[in-house]
Each structure stands twice: as C-alpha cells, then as structure tokens.
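Participant:
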Amino acid sequence: MNTPEHPVVAPGYDSESVTKKIADVVLIRPVTRGWLAGLAVAFALLMMMNFAIGWLLMRGVGVWGVNIPVAWGFAIVNFVWWIGIGHAGTFISAILLLLHQDWRTSINRFAEAMTLFAVACAGMFPLLHLGRPWVFYWLLPYPDTMGLWPQWRSPLVWDVFAVSTYLIVSLTFWYIGLLPDLAAMRDRALRKPVQLIYGIMALGWRGSARHWKRFEMAYLLMAGLATPLVLSVHSVVSLDFAVAIVPGWHSTIFPPYFVAGAIFSGFAMVLTLVIPVRKAYGLQDFITLRHLENCAKIMLATGLMVAHGYITELFMSWYSDDQFDIYMTLNRMFGPYWPAWWLLMFCNILVPQTLWFQKVRTSPLILFVVALLVNVGMWTERYVIVVTSLHRDYMPSAWGMFHGTRWDWMTLIGSFGLFLSLLFLFLRLLPAISISEMRKLVREKAEANK
Amino acid sequence: MNQQPWRSLDEFADTPEFREWLHREFPPFASEWPNDVNRRHFLKLMGASFALAGLGLSGCTRQPLEKIVPYVKQPEELVPGNALYFATALTLGGYARGVLVESHEGRPTKIEGNPEHPASLGASDVFMQAEILNLYDPDRSKSVLHGNEVTTWDDLLAVVAAERAKWTANAGTGLRLLTGYVTSPTLLDQIAALLKQFPAATWHAHEPLAPLHATTFYDLAKADVIVSIGNDFLGPGPAQLKYTRDFASRRRATNEAANFNRLYVAESTPTNTGARADHRFALAPQALRDFGLAIAKGNAHPKSSATVLDDLRKHAGKSLILVGDSLPDELHQFARAWNQPLQIAQTTVSNVKSFAELIRDIEGGKVETLIILDGNPAYDAPTDFEFAKKLAGVPLRIRLGLHEDETSALCQWHIPAAHPLETWSDARAFDGTATIMQPLIEPLYDGKSVHELLAALTGNVLTSGYEIVRRFWQVQHPDDDFEKFWRRSLHDGVVAETANPFQVLPAVSPNAKPEVEKPANGAVELLFLADPHIQDGRFANNAWLQELPKPFTKLTWDNAALISPATARRLNLANEDVVELKFRGRSVRAPIWILPGQADDCVTVHLGYGRTKAGNVGNNLGFNAYALRTAAAPWGGSGLEIVKTGEHHPLATTQQHQSMEGRDLIRVSTLAEFAKSPEVIAHLGEAPPTASESLYPTVKYSGHAWGMAIDLGACVGCNVCSIACQAENNIPVVGKEEVARGREMHWIRVDNYFHGSPETPRIHFQPVPCMHCENAPCELVCPVAATVHSSEGLNQMIYNRCVGTRYCSNNCPYKVRRFNFLEYDRNKFENAPVLKLLRNPDVTVRTRGVMEKCTYCVQRINRTRIDAENQNRSIRDGEIVPACAQACPGQAIVFGDINDPQSRVSRLKASPLNYDLLAELNTRPRTTYLAKLQNPNPELKEP
Amino acid sequence: MAQLFQRRANGIANAVIIGGVLLFAGLCGDIFTFGRSDYWTRVDEPQAQTVPFSHQHHVAGLGIDCRYCHTSVEKSAFAGMPPTETCMTCHSQVWKDAPVLQPVRDSLQNGTPLRWTRVHDLPDYVYFNHSIHVNKGIGCASCHGRVDQMPLTEKVQPLYMRWCLDCHRAPEHHLRPTSEVFNMGYETPTNQIALGHALINQQHVAVEGLSDCYTCHR
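Quick note, the sequences are listed as chains A, B and C, same order. For this note's numbering, add 2 to where a residue sits in the first sequence, where the first one is 1. For this note's numbering, add 741 to where a residue sits in the second sequence, where the first one is 1. For this note's numbering, add 13 to where a residue sits in the third sequence, where the first one is 1.
#1: Since Val-160(C) is in the alpha helix (DSSP H), which residue starts that stretch and which ends it?
#2: Rounded to a whole number of angstroms, what is the C-alpha to C-alpha distance between Val-220(C) and Asp-242(A)?
#3: State the Cα-Cα distance for the pair Ile-178(A) and Phe-359(A), rounded to the nearest angstrom.
#4: Quick check on the DSSP output: what are the complete alpha helix (DSSP H) runs of length 4 or more inside the stretch 1597-1642 of chain B, in order along the chain?
#5: Are the C-beta of Trp-129(C) and some C-beta of chain B separated by less than 8 Å?
#6: Report yes if the C-beta distance between Gly-419(A) and Phe-138(A) is below 8 Å; otherwise report no.
#7: Taking 7 Å as the limit between beta carbons, can you name the residues of its chain near Ser-436(A), skipping five residues before and five after?
#8: Report the option in Glu-218(A), Trp-251(A), His-89(A) and Val-272(A) whose CA atom is closest to the CA atom of Trp-74(A).
#9: Name, please, each residue of chain A whose Cβ falls closer than 7 Å to the Cβ of Arg-175(C).
#10: Which value, in whole angstroms, describes the spacing of the CA atoms of Ser-1250(B) and Thr-331(A)?
#11: Please check the pair Ile-1634(B) and Pro-1508(B), which I expect to be a contact at CB under 8 Å, by giving their CB distance rounded to whole angstroms.
#12: For my contact list, Ile-289(A) and Phe-370(A) are in at a C-beta cut-off of 8 Å; report their separation, rounded to the angstrom.
#13: Could you confirm whether any beta carbon from chain C is found closer than 8 Å to the beta carbon of Arg-188(A)?
#14: Check whether chain B comes within 8 Å of Thr-97(C), counting only Cβ atoms and requiring the distance to be less than that.
#15: Taking three-plus beta-carbon pairs below 8 Å as touching, is the stretch 334-345 of chain A in contact with the stretch 388-397 of chain A?
#16: What does Leu-135(C) touch in chain A if you count any residue whose Cβ is under 9 Å from its own?
#17: Is any beta-carbon of chain C found at less than 8 Å from that of Val-1529(B)?
#18: Any idea what DSSP makes of Ile-213(C), helix, strand or coil?
#19: Is the CB of Asn-214(C) under 8 Å away from at least one CB in chain B?
#20: May I have a chain-ordered list of the alpha helix (DSSP H) segments no shorter than 4 residues that lie completely inside the stretch 1176-1234 of chain B?
#21: Suppose the cutoff is 8 Å on Cβ atoms and the five residues either side in sequence are ignored; what does the same chain contact list for Leu-186(A) look like?
#22: Specify the secondary structure class of Leu-953(B) as computed by DSSP and reduced to three states.
#23: Label Met-219(A) either buried or exposed according to how many other C-beta atoms from any shown protein chain fall within 10 Å of its C-beta, with 16 as the threshold for buried.
#24: Since Pro-1332(B) sits in a beta bridge, which residues does DSSP pair it with?
#25: Please check the pair Leu-414(A) and Asn-80(A), which I expect to be a contact at CB under 8 Å, by giving their CB distance rounded to whole angstroms.
#26: Let's see if you can read the secondary structure: which residues bound the alpha helix (DSSP H) around Lys-194(A)?
#27: Quick one, which of Leu-1289(B), Ile-1182(B), Ile-1036(B) and Leu-1535(B) has its alpha-carbon nearest Val-846(B)'s?
#28: Can you tell which of Ser-1009(B), Thr-1439(B), Gly-1278(B) and Ser-1644(B) has the C-alpha that lies nearest to the C-alpha of Asp-1031(B)?
#29: Work out the CA separation of Asn-1581(B) and Gln-1467(B) for me, nearest whole Å.
#30: In chain F, which residues lie less than 7 Å from Trp-83(A) when you measure between Cβ atoms?
#31: So which residues on chain C does Leu-198(A) lean against when the C-beta distance must stay under 9 Å?
#32: When you compare the stretch 1286-1295 of chain B with the stretch 1313-1324 of chain B, are there three or more beta-carbon pairs, one atom per stretch, that lie closer than 8 Å?
#33: Buried or exposed: Tyr-321(A), going by 16 or more other Cβ atoms within 10 Å of its Cβ?
#34: Taking Cβ positions only, does Thr-1668(B) come closer than 8 Å to chain C?
#35: Taking a cut of 8 Å between CB atoms, which residues from the stretch 1259-1290 of chain B lie near chain A?
#36: Taking only beta-carbon atoms, is Ser-1328(B) less than 8 Å away from chain C?
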C-alpha cells in the first residue's frame, strides 16, 4: 500500500461537519435540474424496457434473435454481466471490512447499493429468458400436485438458489449498515413526515452502547456470511456453461475466471458511477483519488487474472488437440464474429494495462474512460462465450448465426434505465456515504494525527 | 474419398464480413413488427399478457366444463378412439400411387403407402404425404362460380343441357375437352363415350412436365449397371418409389458384394440420382448430349463415356441406359432398344390430340366450348402459346379445379373439384395396375369429380361418382360375383390382374421436340427442371412442401437460378444476388444460388414458382420460370444472358454450411475396400469410450430397448421422412422469415454434405432424427425434468412440463431439438379452423415456449404396446414402425428392439458398417448409422 | 424536541415484523390447501345434465353392466358414450313418454346428438387409455367411485398427477382380479398387497414402465 499522498479523507473534518456534508445532500440540497434530467432519462429508458417486455410476453421469446442453434442470447449475456457487476459491492463492503481496509468506508454504501440494483436487473433476465415465464416457479422446490421436484443436476436450479441467496444477504447487509445513518437522518430531518419515515426505517435506533455493540457484531457476522458468496455466486453462474458439453463452455477454468471477471467488471462499474457522482455532489474530500487509485489497482489485478483465463483457454484448446475445441477457438478469432472477440481482447486485456501508470490511476477522466471500456469489454466477453460457442458446435449442418433484434437491444438498454432510476432515487433519499463509519474514520484519523 | 474437405461457400463470398455483421446487428425495426397487430390490439394484448405473466396461466381459473357429444347412430365398424384405415390411390401426373389413409372418427389424418400397390410398396413420396394438407387447404374453391357470381351446380347443368342440344345438332363441332395426363379407366371410358356421342368434338391433353419419353418403365432390380444421362429416376415420378426400392435393394450394406449394382450419372444439375452415383459427370446440356451420343454411336470418346460403354457391354441384357426428357430422340431410341430386356411393356391409345393443336384450333376460331379438367394451362402453358390471351377467344369456357387459380380466372364457369380423398374414381400405376379410389370423407366444399362432370356432358343418367365408377367396373366384370370382386378390390387397394400391358396416353405436351444446336462460345445454357417439391406448380399452395428444404440447396419457400461455383466466380455473382435472365427475347428476374456439383456455364431454374392465384400460401413466391419457356425449347437451351441487377433477394435455407469440416459425420467407403477389411468403417472415425472409461455404471434395460438404424447406403435423400414426420406429429409450418432465422421445426432433417472439390463434389445425405442417447446431454441440464429417460431408453420430452430454458437444445450436440419461439400453432399457416381436422389426435399440439423433438413416434409405440398387452402377447419385431421408417422408399430407416438379438435393427447394428454419430462424446446414441458403400469402376478414376 | 415515537412504537414494530412473517406463511398455506380443495378440483360436485341420467337407477337398480353403454372401454382409449340408439333400445318401450326423456327422443328424431357435460375431464396433454387399465385389473370404482350410488354422476378423485402416480408407482395397492373390474361393490381384501403382487405377475402388469412420462404424455 503506497504512502498516502492522497488521504482517505481530506483533512479538516470533524464528526459534525461530516454528518452535515453527507446528510445535507439528501435533506437540505434542493432538487437540481441535473438530477431531474438524469432521472427523467433513466425513467424513459425503464419505460422502453417495459414496452419491450410487454411485447415479449405477448409474442414469445421469438421476438428476440434467439434460434436453433443459438438458443441463448442477450438475456443470458445480460444476466451474467449484471450479476458480475453486482460483485464489487459485497467485495468492498465485506472482504475489505474483514481486511480492515479503511479506504472502503466512503464507497462501500454506494457500492452495496449498486450491487443491489445490479442484482435486481440481473434477476429479471432469467425469468424473461424462459419460453413460459409464468411457470417459473417450477424451478423452486415446493410440494406440488404433480408429485415432481426440480431436476437437481441442472445448474439452472443451482442458479436460483445462488442468486436469491446473494440478493437476500446483500440486502440485509446493506440495511443493517444503514441503520445508524437512518437514525442520523431522522434526527436531522426538518419536517415531521420525513422524520417519521426515516424514524420508522431506523427501527428505533438510539445509538446506545448496547445498540452499537450488537450492531458491530451483526455487521461483522453479515460480512462473514457475505464473503463466501462473492466467490460462490459467479462460480455457480459459470457452471451454467462449464457443465454443458458445448465447445467453448465445457471448461474447468470457468469458476475462478468468472469470479475474477465479475470483480473486474464490478469495480469498473463502481468507478464509472463514483467518478461523476463525487463531482456532482462535491464529495471529492471523502471519495478521494486514493479510493479511485485503489479501485484501479484491484481492476488491474483482476484484469490480469481474466487475461490469464483467456490465455489458458487458448492454450487448453491447442493442448487438448480436440478438433471441435480448436475449431471453436479459431472460429472465435477469425469466424463471422471476429470483431467481438478482438474487441473484448482490446477492452479487457490491452486497456487495463494502462493502469500500471499512476498517472492514469489518479486521473479521474482517463479512469472513467478505462472503466467504461472494461464494462463494454466484459459484456462482449459474455456475448462471445454464449453466441460464438453455440453458433458452430458439433454438426456443421446445424450451424447458424445469431443477430440481436430491436427487442434484444431495447431490453438491454432498458435495463440501464432500471439501474439508473434506482440509483438516482438512492442518491436523493439515502446517505450515499456511510455517515457513522465516516465519523469513526475521522475520529481515528484525528487521534492518529495527535 | 480422401481429399481434404473444403471450407463452406460462405468463405468464397467476397462481401466484407464486418459490415455484414454490423448491419445484421442493427436490423430494420420493421423486421420484427408484425403487420397483423395494430396499436390498440397491441396494448390490449400487452395488458393481458402482463396479467397472464403475473398470475400464471395454469393457476388462475378453474378448469372450464367441457361437453361430450356421442353419436346418435354409431357406425358399427367404428370403435370410438381407434383409427380406421382405407385403401385408395393418389395420382401424380396421372399415374396412381396406392395409399392407406388413416381416419379418426371420420376425418382423414394421415396418408401411408399401400404395401399391396406396385407403385408404393408401402412407402410414400413427399406428395402423397402432403396430399392430406391439400384436402384441408382453406384456400380450396368452395362453390360453383359464373364469372364472379356464386351459383349452383344445377345452373351449370342447365347451361350444359342447352349446349348438348347444340352438340347433338352439330355432332359436337367446336367442343373441346382439355385434360391432364389420364390413366383412369373410367374417365378414359367416359371420354370415349363423349367422343362417340359427338364425333366432331376432340380431346386434348396437356401436362407441362409430361415426360416426352418416360412413359416406358424398367425393372431396375435386375440391372447390374445403370447409366443415367440426365434422367433423375430416383427423383419425383410415377415409379420413384419402385425404382428407389429396387435401387436400394441392390445397395443394401448387408448384401453380399456380388449383388451391388453400379450407377453412372451424367447430369447438368445435382439430383437425388446423381448424388447416389458411383461416378457422376457434371455436364452442361450440350456436353451431356454429346456424352450420350458418344455412347449411343459407340465411338470411344470422351474417355469416360468409353469406359461406361465397356461396362454396359459387359452387362448387356442386365444393364440400363436411362435418358432424360431434354435429350434428343435418337438417344431415346437407342436406349429403348438397349433396355428392351428389362422393359415393362405398354401400348398407347390414339384418340387424344395435343395441346398445340388446341391452340391452333382456338386461333382458327374453331373452338366454341372448352372444358378444362384440372391442370392449369393459363399458368404453365408454353409462354409463346399465349394461351391466356387466346383463351378469351373461346365463347364458352368451363373449368373444373381445386382452386380458383390462374385458369379459372379466365373461364366463365368454375366448378370446385372434389379432392381425390373426397370422391370415387380410379387410376392406373406405372405398370398398369388399377386402383379403385374410394372417398374418405364427404366433399368438404361440395366439390364435383371429373366423372360427374363428364356424366353431365354425356347426358348420363348415373350422376354420382360412386355409380359411375361402379358401373364401369361392373361392365368389365359381368360375372355374378362382382360384389366380391368389388369389395376385394376396394379392400386391397388394387384391382387384381390389371398389371401391364395396358394402354397409356402417348407423350403429351410440351409437344415440340427439343431442337439440337451447338452453343455459341462461352454462352451460358439454360435448363428447366420441375421444382423438386412443388413440381410444375400444382403443389404451390401446400405449406408443408413449401417449407420442406429442397435437396442440395436446402432452400425453402423460393426457387433460384442455380449456377456452379466456377461460373459464379467468373460472373462475379454471390448467393442471393438478383440477376435478369434473358433467354431468346424473354426475360425474368431471379436470385442466384451457387450450387456445388452444378455443371459450369449452365443455369438451372425450377418451374412452378411465381404463382399469382395459387392461394394465400403459394402466391407471389419465387419467380415464374415459365416466362422463359417456349414450346420450341421446353427444356431450355443455349444463349442465356445473365445481367446483374445489383438487387438482393434473401433466400431461406435450412443448412448454411455443407462441408463436414473433416469430421466423421458420414462414413463412406468402397465395396472393394470393405470387402478387403470390414474394419475400414471403424477406422474412419473415433470409437466410443469403453464402459470402463466412464465413472458411472452403464444402465441396464430389462424390458424393451428401442433403437433405430439408418442405412446411408439405402438413403436417396428424397426428404419423405421429414414430411411424413411432420404429418404424423402435428409439426407446425413457420414460414420463410422464421426459417431464415433458423427456426424450422422438422423433427427429422436430411443433412446434405458436399465432399471433395466444389466442381465435382461427392454428395452425401444423412437423415438426422433425435439420437435418443443413453447418456443424453439434454437430460441433465433441464431444471424441471421435462426431458428424462424412459425405462425403454427413450429420451422423453414432456411439453407440458417444459418451461422453455432451451438449455437442452444448447447441450444437444446433434441439434435435433426444436423450439416454439412464437405461437406457431396459431400462426397464419396453422390457425385456419378446418386444419383442426387434420391434427393427429394421438399427439399433443405444442404451445408457444416449449421445446419439442423426435419421440420415435411414441404414440405408435404406446398404441402397439397397449394392443399387445391387452392381448397378453409380446410385441412382434417390425410391429412398431415410426412415420419416417414407414414412408422411406429405400427402407433405409429400421426401428426395433435392440434387446432382441433377432430383431432387424439388432442385426443391422451388429454389422461392421454400423457406427455412432459423434461417438467420441460418449452419448451412446440409440440411433446409429450404417456407412455408405460405393461401387466405383476401378478402370475409371475420380469422379 | 418532542419524542418522535411513543413507547408503544416498539410493540407495533415487533408486531408488524412477526405479523408479516406469519401472514406470508399463512398465504402460502392457503394457496396450498385451496389448490387441493374439492371446490377447485370439482370433487363431489354433481354436474347438471340435459337428461338427469341416474347411474344409481340404471346400475344398482336395474343391474345394467357398465359395458352395455360404455362399449369400447375394453377395446379403446375412450370408454365410449352410448349413442342415442342405445338409450332408445329400452326407452322406446319403457318411459316412452316420460317428459325428462324428451331430449333423447328429439335426438333420435332430428339426428342431433345429446350433449353431456364431462365429469371426468383430463388435460388434453394426458393420454389416458381405458382399455389397458380395465384389462390389467383396475376397477371402474377405483377412479370413478361408487357410480352405482350416484343419482347424478360426480367426480370422487381430484385426478391430479400426484394421485395418478400414487397408483402407477405402487399398483399392487389397487389391482383386482380382472373378473372383479366391473364389480362396483368390490371390497379390498385384507391381503391386498400380497394379492396385488401376485396379480402383477398373473395379469402381466409391466410395472417398470408405469411411471415413464411417455406412459401418459406424448
């Protein structure tokens, strides 16, 4: 960890001013044009998605580009991508907590929120993906009138549990973390109804020593619970592919390499969001370059793991001497979908290498661009894995092409709408940075400086 | 056999893939917006669909009460719930193919071949299978029309009566009868009677594709060497099924070598026959003619023809030369002389006049009344006849037809014809065997049969088809046990002792002999062929046939101008480029399709497309090649001009990639190699892992274990398995757009691979149904156990449990699973109420969002099992026959119990030719293949 | 500043939390039981018919065999509904003027079939076959109940897949000697299981295939 030429929090803050600065974003600061505009755009996109979904439910998944042989398309790509993004939050808040990384403090709340919204987006896609979404509950084990159970060997059933567990745990974790702040908001709120709302949400938090003791304990336990999930969820998701016999899917490297990719894309998303937000709300003092730099470093590390994954795949397909695997690899590079493959190599391997330079790591603008590219790259990676593996597998006679339709794209772009709408509301209604933890941090720093 | 496989034709295409890719990635909005939904409707449905999605279709209403409606008087032979079978016949170009029709509570649902019938032998061709859909075709004409007025049969009879008065006065001067090719004894008798009554009347016959020479048939089974010069005898035709059976009988992998025949084929465009050749020569029409004449004249060159001639001479008396219609007469005479020993004797009737004469008479104003029975001359007459224009010159025009088509539109009177399954009639097979055709169902749209119309014309008192036909045969069999004869004939579907020699019509139009002329240098030649599936256009409104992928091109819903890869390169043409074909002052615009194995500098166009009044299915598909077809050049000729228009016409093919990529999907060897060491087949590909290589124990199947063996040596790629399956299993038609998106629904597809050089490729067929793997990859990925294994080793697919994750399809290495991406069971091809009558009641009609696939026709397995168990006996080998196996003319598909070592399927699987598809994946498929053996002439190296 | 919440707020909060959990559990329970209720499955719900046909009268009263009307029950998937003629074989003599039978007489006269309301209606994707059950020793009453005691026919079983499977997975519980199939009053003997196993062999019941999906679904 390099010398803190960038502090985790700018000097000259005490508990009071911290609280004020963060809480006022919600309580005092008037609704700005920018925020309204942003929400409007996001909401419009959301509506577009609803329209696309309505059309989908009315006509069937045939409105998408899926076909035989490419029976999985955007829905799965988007699902995996969003779930991946959801990983940064828990990673930051849980793992870094256990590792006592004090720099996590000012971004964990935000990252966790992002996680929840991302998982919400992700969770939507598997349902839409179904040919008959209205019988989705057959994937759940419940005593039915047919005397049947789910088919436990199917990774899709494992998914149901992995994702729902992840959603529940991160939600609870996030809410527990919120409690003291909700109380703080309650106390600072000016108008009665606002006080009431925050009050109810605060579940009667009074900040007594007993509260704090139990809070710390609960928070730590949740962190302990959440940590393995960071690894389990995307491992399970990766098994959707690894378990299948499709060349390009059937590979033991998938779980680790998916997890790395997930954290990679997750941090990319954190940066993509944090950089504008800290600017818009003048939070540069709390979300300092130090944070950006650390995120960048993690991206670099995970990015290298992902790169290692790619290279191992290439090596294995050559080493396996399996004609189908070799054809698949060559087809990815030089087949009809070659642009996608080269694009992902550029975004996920080349671009992150710039992060070796501190200049890049500490320049918000460049970092923002890099993060964006990585997000694109990670989506493309899933596209390549899903589409190019399927479109030419074993029987040349059955080979085909996949092309996303309008409805595919509308659903994908619309899901950004859902994500951003939630995010904008979050920024206005809840403290985007953990007040209590910031206070603690400020106090510690003050003592350290004595 | 050992050449490196070449890569797909796409790679030859010069379009920059990247732009293509980008372009395709952002398609026009319109492409997904269906025109049948307006905004209001959309919002309404959208609301509804939200509700459904929210509440869950199954869970939100109590099961509605249904009614059950018994008979008032129950027919005594009928057991409700059990199907009945009736023997009758269907005609193709006039010739009969005997059929057995399955009937459920009075509605015909499925057509099978009649084992007793010489032209069927229990098998069927694609047209027989599709005929059931023609019966229920919602576009059939439903009432007698006078102009556009709906009138009645009686009104017409009144008109006819008036006319008859005139004819009796003038001996029928100006009365003309136009039919297609006729073999019906009753009809011939009626026509004779008519002509006797009115001596001045004449009868003309017209068949657009009527073979000029193929009215002679041969005994293929006896031939050791067969030489086809542009004659697709394994393709569609009156004797296709017999020929295929005979050919396969000399190709069966299990036969001892001596029995193998050898087939040389010289042709301009790939045909099923060419694909099965041991030596195939791709020659443009003129070169083809020279090749033939070289053999006929016995002059030893080119080299190839010399070798062929030697082989022929070696087997004189046991060899055949089959010559195509487009070839000159002298060749046919030579062939007929050569083939004499194996010919099936026939004589010809004389009282029919040609179509050309009719045209002349119309021009001469000699025609007062023209009565057109079936056929569609306004569409398919040689274009230089200008029939449509001249027809207007005939004062009274009466037409009997199934559809209000191009011809009906030009006649004052249109009479709805009764479908062959709705009426009494009779017809002869290629060898003369007669069949009395009985109706399965009352006419759906009170159609009339030709016999009823003829009866009216002759003023016959007997007016019901039944009486007419019965009376005719009564006259033939005056003896007192006629009743017995009649019942027996109906029951068997063949009239005993009617086989040849019998009287056939002489060759009917196109009447002109194809002229012989040398091609100008570099000039491209044009060749007309019948479309392999909609023929001369008569099946244009049959959605099953339209969607059935055509051999080699695998195109659906379209015809195209077929050219060779070399010619395409020379003219810088790519697939789907629209070109203008200019031929002797006439021209038509057609999309290009590059076809390996096509002769260079020769463009083949299929007739039958570009219909304008075929019906809602067949209208405005493809281009009308008849626009180029003249009586002088009925089969094309040289001097074709190809002008690139720069336009693009998307074509829907079901197989975009026809190279095997060096994978051992189809194993081929030669008879000689196989005789040397039978292991040669095993060495062609990887062996399946041994049981010890798997962590899991192999499952034992105590009872039956159903399996299938497909003999690639007996498959001629006729496609009938696909369409038979479609008919049996209620498989929906999805339409061109969906096919183009890769969503065709056929449960068994016939893959087609080219191997070797693009110019002279070897062509292979491979029918691919579900493999029913014992280690089925699809089963372990389904989250709801909608596809699982049965105790008899079937890979079961349960539609009502399927939630539609499509994971199983991804994990199926054979890609035999089909998904209902949209509500296909209610699309524009399936939603006509009358089509409900067509559905097989033993098979679920699948809804949107569920996966489906080949079930080995489990409904037939269950029916047989229940019958057997009810009788406390075991199931006999061969008692269960899936639709595909039943239809297959080559008997290439064999189904049975692999636990019974004596069953046919077990014996086939024991053969050294037997191999698993993608064996290395250890899926242990229940469907296996028998390698194809070729019998090349050692003196003649490739091709 | 004034207290935002009174003391009882705590109580309320707890109540809400616990109540929520209970409510959710309750709802699940309701759905579960409702789905199996007689109302939902139409069990014990006599169906109104154009002619109030009484099995009780015809079977118990007159002792007419099932197969007299349901002729194809041993030969076909469909048990068979009697054509109007069958009714009239008797009712052209007895009750020939009874007003309740007017529809039957009309039917024969005008050739318009009678329309009965289905009592046992399986989903269209279920391919039940009467003949095999009857020939292998499953009594009519096993599924249709004591029809001979029904003035108006009604369902006695939910006909849920689970219910079918109970028997298909362990037929020995319900098998009878084939001679007893049409016997309405047949009593299950005390040694049913032993008997059942014996009958499986005697009447060649292919047990291993009974729970295959394809046995009923295609």
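Every residue gets a Cβ at the ideal spot worked out from N, C-alpha and C, and that includes glycine.
Facilitator: To lay it out plainly:
#1: Taking the third sequence and counting its residues from 1, one reaches residue 160(C) at position 147. Here Val-160(C) belongs to no alpha helix (DSSP H), and DSSP marks it neither H nor E.
#2: In the third sequence, counting from the first residue as 1, residue 220(C) sits at position 207. In the first sequence, counting from the first residue as 1, residue 242(A) sits at position 240. Computed Cα separation, rounded: 36 Å.
#3: The residue you call residue 178(A) lines up with position 176 of the first sequence. The residue you call residue 359(A) lines up with position 357 of the first sequence. Cα to Cα, the separation comes out at about 38 Å.
#4: Taken in chain order, the unbroken stretches of alpha helix (DSSP H) that lie wholly in the stretch 1597-1642 of chain B and span 4 residues or more are 1599-1611 and 1624-1628.
#5: Here residue 129(C) corresponds to residue number 116 of the third sequence, with the count starting at 1. Cβ-Cβ to chain B under 8 Å: yes for Trp-129(C).
#6: Within the first sequence, residue 419(A) is the residue found at index 417, counting from 1. Within the first sequence, residue 138(A) is the residue found at index 136, counting from 1. In this structure, Phe-138(A) does not lie closer than 8 Å to Gly-419(A) by Cβ.
#7: Locating residue 436(A) in the first sequence gives position 434, where the first residue counts as 1. Hits under 7 Å: Thr-107, Asn-110, Arg-111, Gly-179 and Asp-183.
#8: Walking along the first sequence from the start, residue 74(A) turns up at place 72. Checked all of Glu-218(A), Trp-251(A), His-89(A) and Val-272(A); the closest Cα to Trp-74(A) is Trp-251(A).
#9: Position 162 of the third sequence, counted from the start, is the residue given in the question as residue 175(C). Neighbours of Arg-175(C) on chain A, chain order: Thr-147, Met-148 and Gly-149.
#10: As a first step, residue 1250(B) must be located in the second sequence, where it is residue number 509. As a first step, residue 331(A) must be located in the first sequence, where it is residue number 329. Annotation note: pLDDT 47 at Ser-1250(B) (below 50); position unreliable, coordinate value reported separately. Their backbone Cα atoms lie some 57 Å apart in a straight line.
#11: On the second sequence, position 893 is the one that residue 1634(B) refers to. On the second sequence, position 767 is the one that residue 1508(B) refers to. Ile-1634(B) to Pro-1508(B), Cβ: 7 Å. Contact.
#12: Position 287 of the first sequence, counted from the start, is the residue given in the question as residue 289(A). Position 368 of the first sequence, counted from the start, is the residue given in the question as residue 370(A). About 13 Å separates the beta carbons of Ile-289(A) and Phe-370(A), which is beyond the 8 Å limit, so they are not a contact pair.
#13: Taking the first residue of the first sequence as position 1, residue 188(A) is located at position 186. By this cut-off, Arg-188(A) is an interface position.
#14: To locate residue 97(C), count along the third sequence from 1; it is residue 84. Chain B, which has a Cβ nearer than 8 Å to the Cβ of Thr-97(C), makes this yes.
#15: yes
#16: The residue given as residue 135(C) occupies position 122 in the third sequence. Within chain A, no C-beta atom comes nearer than 9 Å to that of Leu-135(C); the closest sits roughly 13 Å away.
#17: Start at 1 with the first residue of the second sequence, and residue 1529(B) comes out as number 788. Interface residue, yes.
#18: Residue 213(C) sits at position 200 when you count from the first residue of the third sequence. Helix at Ile-213(C).
#19: Here residue 214(C) is taken as the residue at index 201 of the third sequence, counted from 1. No, Asn-214(C) lies away from the interface with chain B (no Cβ there is under 8 Å from its Cβ).
#20: Entirely contained in the stretch 1176-1234 of chain B, the alpha helix (DSSP H) runs reaching 4 residues are, in chain order, 1191-1199, 1206-1217 and 1223-1233.
#21: Residue numbering aside, residue 186(A) sits at position 184 when the first sequence is read from its first letter. According to the sequence shown, residue 186(A) is Ala rather than Leu. Excluding residues within five positions, the ones whose Cβ falls inside 8 Å are Thr-21, Ala-25, Pro-433, Ile-437 and Ser-438.
#22: Position 212 of the second sequence, counted from the start, is the residue given in the question as residue 953(B). Confidence is the limiting factor: at Leu-953(B) the pLDDT is only 48, short of 50, which leaves the residue's position unreliable and the question unanswerable from this model.
#23: Taking the first sequence and counting its residues from 1, one reaches residue 219(A) at position 217. So Met-219(A) counts as exposed.
#24: Here residue 1332(B) refers to the residue found at position 591 of the second sequence. BP columns for Pro-1332(B) point to Val-1319(B).
#25: Here residue 414(A) corresponds to residue number 412 of the first sequence, with the count starting at 1. Here residue 80(A) corresponds to residue number 78 of the first sequence, with the count starting at 1. Right, their Cβ atoms sit about 5 Å apart.
#26: Counting from 1 along the first sequence, the entry for residue 194(A) is found at position 192. Note, Lys-194(A): alpha helix (DSSP H), 194-203.
#27: Along the second sequence, one-based indexing puts residue 846(B) at 105. Sequence inspection shows Glu at residue 846(B); the Val mentioned does not correspond to that position. Measuring from the Cα of Glu-846(B), the nearest candidate turns out to be Ile-1182(B).
#28: Locating residue 1031(B) in the second sequence gives position 290, where the first residue counts as 1. Checked all of Ser-1009(B), Thr-1439(B), Gly-1278(B) and Ser-1644(B); the closest Cα to Asp-1031(B) is Ser-1009(B).
#29: To locate residue 1467(B), count along the second sequence from 1; it is residue 726. To locate residue 1581(B), count along the second sequence from 1; it is residue 840. Their Cα atoms are separated by approximately 10 Å.
#30: Although the question refers to chain F, the structure presented lacks it and instead comprises the protein chains A, B and C.
#31: The residue labelled residue 198(A) in the question sits at position 196 within the first sequence. Contact of Leu-198(A) with chain C by beta-carbon distance below 9 Å involves Leu-17 and Phe-18.
#32: no
#33: The residue labelled residue 321(A) in the question sits at position 319 within the first sequence. So Tyr-321(A) counts as exposed.
#34: As a working note, residue 1668(B) is residue 927 in the second sequence. Under the Cβ distance rule, Thr-1668(B) does not count among the residues neighbouring chain C, no pair being separated by less than 8 Å.
#35: none
#36: Translated into positions along the second sequence, residue 1328(B) becomes position 587. So no, Ser-1328(B) is outside the interface.
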